[in-house]
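Here the structure comes first, spelled out in structure tokens, and everything after it is commentary.
Number of protein chains: 2
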Amino acid sequence: MSGQGPENGLAFEKGTPRYLQVAQHLQKQIDGGSYPVGTLLPPEADLAESLAVSRHTVRQAIAQLRDRGVLSARKGVGTRVESREDDWRARFGANSRGGLFDFARTTELHFETRSTVEARGALAVDMGVRPGRKFHYLAGPRYYAGDEKPFCVNEVYLDPRLRDVVDGIDVLRVALFTLVENKTGERVKEIQQEVRAIYLPDFVAHHLDREPGALGMRMTRRYIGSGSRLLEYAVQYYPGDTFSYQTTLSST
Amino acid sequence: MSGQGPENGLAFEKGTPRYLQVAQHLQKQIDGGSYPVGTLLPPEADLAESLAVSRHTVRQAIAQLRDRGVLSARKGVGTRVESREDDWRARFGANSRGGLFDFARTTELHFETRSTVEARGALAVDMGVRPGRKFHYLAGPRYYAGDEKPFCVNEVYLDPRLRDVVDGIDVLRVALFTLVENKTGERVKEIQQEVRAIYLPDFVAHHLDREPGALGMRMTRRYIGSGSRLLEYAVQYYPGDTFSYQTTLSST
DNA sequence: TATCCGCATAAGTACGAACATACTAAGAGG
DNA sequence: CCTCTTAGTATGTTCGTACTTATGCGGATA
Numbered sequence: 001m002s003g004q005g006p007e008n009g010l011a012f013e014k015g016t017p018r019y020l021q022v023a024q025h026l027q028k029q030i031d032g033g034s035y036p037v038g039t040l041l042p043p044e045a046d047l048a049e050s051l052a053v054s055r056h057t058v059r060q061a062i063a064q065l066r067d068r069g070v071l072s073a074r075k076g077v078g079t080r081v082e083s084r085e086d087d088w089r090a091r092f093g094a095n096s097r098g099g100l101f102d103f104a105r106t107t108e109l110h111f112e113t114r115s116t117v118e119a120r121g122a123l124a125v126d127m128g129v130r131p132g133r134k135f136h137y138l139a140g141p142r143y144y145a146g147d148e149k150p151f152c153v154n155e156v157y158l159d160p161r162l163r164d165v166v167d168g169i170d171v172l173r174v175a176l177f178t179l180v181e182n183k184t185g186e187r188v189k190e191i192q193q194e195v196r197a198i199y200l201p202d203f204v205a206h207h208l209d210r211e212p213g214a215l216g217m218r219m220t221r222r223y224i225g226s227g228s229r230l231l232e233y234a235v236q237y238y239p240g241d242t243f244s245y246q247t248t249l250s251s252t
Numbered sequence: 253m254s255g256q257g258p259e260n261g262l263a264f265e266k267g268t269p270r271y272l273q274v275a276q277h278l279q280k281q282i283d284g285g286s287y288p289v290g291t292l293l294p295p296e297a298d299l300a301e302s303l304a305v306s307r308h309t310v311r312q313a314i315a316q317l318r319d320r321g322v323l324s325a326r327k328g329v330g331t332r333v334e335s336r337e338d339d340w341r342a343r344f345g346a347n348s349r350g351g352l353f354d355f356a357r358t359t360e361l362h363f364e365t366r367s368t369v370e371a372r373g374a375l376a377v378d379m380g381v382r383p384g385r386k387f388h389y390l391a392g393p394r395y396y397a398g399d400e401k402p403f404c405v406n407e408v409y410l411d412p413r414l415r416d417v418v419d420g421i422d423v424l425r426v427a428l429f430t431l432v433e434n435k436t437g438e439r440v441k442e443i444q445q446e447v448r449a450i451y452l453p454d455f456v457a458h459h460l461d462r463e464p465g466a467l468g469m470r471m472t473r474r475y476i477g478s479g480s481r482l483l484e485y486a487v488q489y490y491p492g493d494t495f496s497y498q499t500t501l502s503s504t
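This is the structure in structure tokens:
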């Protein structure tokens with residue numbers, strides 16, 4: 001087509017950074033099959049032109065998809081599509097406070113369930129608290145910003161004193177523990193993470209579009225405050241076929 | 253201004269990108285205590301000026317340290333020093349049956365299989381190398397010292413040049429990559445870990461005394477040398493019912 | 001005294017331009 | 001036919017610049 005008209009340039013909405021919109025756009029193209037797995041993306045310069053953004057913006061978008069494991073790039077060759085969203089999505093690698101912060105910033109947690117629960121049995125053991133202690137409980141799916149389907153199901157157990165930091169919040173786009181820190185002034189001293197293999201519980205499987213009992217992973221985090229007190233306990237369920245937990249240990 | 257001279261700007265070496273040199277410089281300053289944990293780094297603009305690089309380069313350097321967890325940034329405030337990374341080897345935190353898992357000395361790896369293999373297909377992808385590259389392959393069960401039954405099955409893919417470091421070794425009681433470092437002088441720059449849920453393959457299930465197809469976890473590690481070259485690739489299989497991977501993120 | 005507003009600050013986003021480097025493929029030469 | 005060289009391509013690095021947005025501080029106001 002001749003058309004120089006409106007182009008296929010994106011219609012940018014305000015509020016969301018352009019590079020994220022470009023990343024989402026590319027993700028959709030990949031999911032839709034426009035860029036099949038194993039093929040090379042158009043050169044950055046071409047993408048920049050066709051989307052009417054700078055190459056720098058395209059590179060930021062590609063960087064996003066790269067550390068999700070969707071793309072890989074090689075100098076002098078091109079940018080290769082490694083996987084699709086529903087295929088190999090979440091390479092999770094938040095292994096620092098800041099990492100969790102960034103992770104929360106690029107995802108959305110939708111609270112669907114709220115209640116007050118009492119920690120008993122195995123749960124109390126996992127949480128590392130005395131049985132009988134009460135917690136404010138929230139749960140719901142977590143999405144990559146702009147996506148249709150969630151990639152993770154999240155449960156949160158919050159100290160009842162901190163309940164008001166989430167009251168009235170339906171969609172969370174920041175790390176919960178920063179809210180806790182801000183409201184209380186108390187700083188999270190330590191975060192204890194644990195990853196283990198599981199069979200997906202029913203309600204999780206339903207959200208993630210998997211069979212109940214399918215392979216999955218469960219990541220739990222204990223957020224410890226100044227006084228060695230458990231401020232928050234979070235559980236995340238991931239599908240086992242698309243999720244892996246990654247860490248990089250680098251020596252100086 | 254007095255000094256147009258050498259400044260305290262870095263003496264850049266060629267070959268390494270500047271932003272990496274800046275990152276290393278900042279890391280050293282942090283480890284050395286010039287920027288204590290909990291304090292704010294100078295503004296990016298100041299750093300850029302004093303190091304005689306562009307702000308963009310400083311940002312790239314900071315980005316590096318951010319996803320290592322060393323730094324965290326907040327708009328309008330500054331960049332905070334979160335931790336120092338001198339003892340990254342101590343951050344191996346794997347746990348089995350409640351006991352702490354210590355790589356180096358408390359376990360024994362018994363090599364039962366040796367061969368030379370060619371990385372192809374999914375293996376090449378996982379290893380992050382081009383298909384066709386040859387590796388020296390070793391495999392066997394790993395025992396807690398004195399135990400009857402292994403708790404883990406281990407596979408190792410070694411750069412053929414490094415083959416002689418394991419020739420003649422039947423039982424390994426130290427981390428293999430330290431042998432590599434000692435023999436070659438080349439130091440491991442980076443270790444990339446990945447944990448995922450799996451169904452146990454037959455030969456693993458047999459060793460671990462589980463049913464084939466039972467819940468398990470697979471941990472892979474890529475040991476990267478100076479030249480971004482893959483020196484060693486290791487795979488460990490654990491039973492899912494007794495194994496979990498743990499990390500602690502402490503802020504101060 | 002307490003609250004609100006606005007300014008300064010610092011990271012985040014976005015554009016443009018140029019050069020460096022790794023890789024591929026085509027062509028020249030043996 | 002094989003090897004070496006060379007030109008082209010695409011990502012990587014680096015500079016410059018400008019604007020946006022979140023935050024915090026301090027002064028003015030109620």
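Protein chains in written order, with our numbering: chain Z, 1 to 252; chain C, 253 to 504.
For glycine and all other residues, C-beta sits at the position ideal for the given N, C-alpha and C.
Rounded to the nearest angstrom, the Cβ distance from Glu112 of chain Z to Ala145 of chain Z is 18 Å, too far for a contact under 8 Å. Among the residues facing chain Z, Ala449 of chain C is included, as its CB has a counterpart in that chain under 8 Å away. Residues of chain C with a Cβ closer than 7 Å to the Cβ of Thr79 of chain Z do not exist, since the nearest Cβ in that chain sits about 16 Å away. The residue among Z:Asp67, Z:Asp102 and Z:Lys75 with its C-alpha nearest the C-alpha of Glu82 of chain Z is Z:Asp67. Interface flag for Leu467 of chain C against chain Z is set, since a Cβ pair is found closer than 8 Å. Using beta-carbon distances, Tyr409 of chain C does not count as an interface residue toward chain Z, since no partner is under 8 Å. For the stretch 483–497 of chain C, the set of positions with a beta-carbon nearer than 8 Å to some beta-carbon of chain Z reads Gly492, Phe495, Ser496 and Tyr497 in chain order. In this structure, the CA atom of Leu40 of chain Z is about 29 Å from the CA atom of Val487 of chain C. In this structure, the CA atom of Gly121 of chain Z is about 14 Å from the CA atom of Phe135 of chain Z. Residues of chain Z whose Cβ lies closer than 7 Å to the Cβ of Ser286 of chain C do not exist, since the nearest Cβ in that chain is about 15 Å away. Membership of Ser302 of chain C in the alpha helix (DSSP H) is indicated by the continuous run Glu296 to Leu303.
Relative to Asp493 of chain C, the option among C:Thr499, C:Ile476, C:Tyr475 and C:Tyr451 whose CA is nearest is C:Tyr451. Under the three-state reduction of DSSP output, Gly328 of chain C falls in the coil class, being neither helix nor strand. With at least 16 other beta carbons inside 10 angstroms of its own, Thr57 of chain Z counts as buried.
Val405 of chain C has its alpha-carbon roughly 43 Å from the corresponding atom of Thr331 of chain C. Taking 8 Å as the CB threshold, Thr116 of chain Z stays off the interface with chain C. CA-CA distance, Val369 of chain C to Arg481 of chain C, rounds to 18 Å.
Residues of the stretch 316–330 of chain C that bring their beta carbon within less than 8 Å of a beta carbon in chain Z comprise Arg318, Asp319, Arg320, Gly321, Val322, Leu323, Ser324 and Ala325, in sequence order. In the displayed model, Lys134 of chain Z falls within a strand according to three-state DSSP. Between Glu433 of chain C and chain Z, the shortest Cβ-Cβ separation is not below 8 Å. Nearest CB-CB separation between Phe101 of chain Z and chain C: below the 8 Å threshold. Nearest to Ala427 of chain C by C-alpha distance, out of C:Leu278, C:Arg394 and C:Ala376, is C:Arg394. Inter-segment contact for the stretch 410–423 of chain C and the stretch 206–214 of chain Z is absent: fewer than three beta-carbon pairs are separated by less than 8 Å. When the Cα atoms are used, Phe177 of chain Z and Ala391 of chain C turn out to be separated by approximately 43 Å.
Among the residues facing chain Z, Thr499 of chain C is included, as its CB has a counterpart in that chain under 8 Å away.
Judged by DSSP secondary structure, Gly121 of chain Z falls within the alpha helix (DSSP H) whose first and last residues are Gly121 to Met127.
Excluding its 5 nearest sequence neighbours in each direction, Ala376 of chain C has C-beta neighbours in its own chain below 6 Å: Pro383, listed in chain order.
Note on geometry: alpha-carbon atoms of Val22 of chain Z and Phe151 of chain Z lie some 20 Å from one another. 8 Å or more divides the Cβ of Gln27 of chain Z from the Cβ of Gln498 of chain C.
Phe363 of chain C carries a coil assignment under DSSP once its states are collapsed to helix, strand and coil.
Counting only residues of its own chain and dropping the five nearest sequence neighbours on each side, Leu272 of chain C has a CB closer than 8 Å to the CB of Ala313 and Gln316. Considering only Z:Lys149, Z:Arg105, Z:Tyr137 and Z:Ala48, the residue with the shortest C-alpha distance to His207 of chain Z is Z:Lys149. Chain C has no Cβ within less than 8 Å of the Cβ of Gln27 of chain Z. Spatial neighbours of Gly128 of chain Z in its own chain (CB-CB distance under 7 Å, excluding positions within 5 residues in sequence) are listed in chain order as Arg222 and Leu230.
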